[in-house]
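Let me begin by presenting the structure, written as structure tokens, before commenting on it.
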Amino acid sequence: MGFRRTQLPKTGATWVASTKDLMMILSVDVDLKKLFLLGRNFPWKKPAICPCCRQSHLWGHGFSATLFEGYPAALPMRRFLCPLCGCVIKCRPRGYFRRFQSTIAAIKSRLARRIEIGRWPSPDHGARGRHWLCSLKRKVLVYLGLQWRKCLIAGFDRLWQLAIVPV
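Under numbering that gives the first Met the number 0, the first residue of the sequence shown carries the number 0, and numbering increases by one thereafter.
So this is what it looks like as structure tokens:
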């Protein structure tokens, strides 16, 4: 079992946290329309093994409400718990960045349109799109260097190949 030290916010004292604090995000093939209609009755497939310790027996650990673009309410994403290492595994639809409501393809196409034409595809994506563009520029500069600042969409693809969330 791995341990890490963490500072308590006000006292400055340290405490040891085990791997029970670990959260894994597992990308799975999920039909969001079907999930929206069925809710918690959606037939989730249990992962074969724990990605942390490779144990084969996982327990159901409830649901986590997650927002996705195009759906009026949060969708229930299934969670599983490994009884051996305490790792919580949250299922997430394939094609989405962690902590993002829009698909990777939608983010990339909106950024490409903004970079090529100079306008966002629709006015309701302005604030979110500005955040994506600012973050993309910053990450391209930090991870890829100055020579990439003129070709941001290629930088998007390159960062994604390097397993870095580009936005």
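Beta carbons are placed, not taken as given, at the ideal position from N, Cα and C, and that holds for glycine. Note that the structure is a prediction, hence the values are computed from the model and not measured.
query	result
Can you look up G61 in the DSSP assignment and give me helix, strand or coil?	strand
Can you grab the Cα-Cα spacing for the pair G154 / G144, in whole Å?	10 Å
Checking the sheet assignment: what are the DSSP bridge partners for C95?	A quick correction: the sequence has Tyr, not Cys, at residue 95. According to DSSP, Y95 bridges with T102.
Taking the beta carbon of V166 as the centre, do at least 16 other beta carbons fall within 10 Å, making it buried, or is it exposed?	buried
Flag this pair as touching only if the segment 91-101 and the segment 26-35 have three or more C-beta atom pairs under 8 Å; answer yes or no.	yes
Could you spell out where the beta strand (DSSP E) holding F79 opens and where it closes?	74-80
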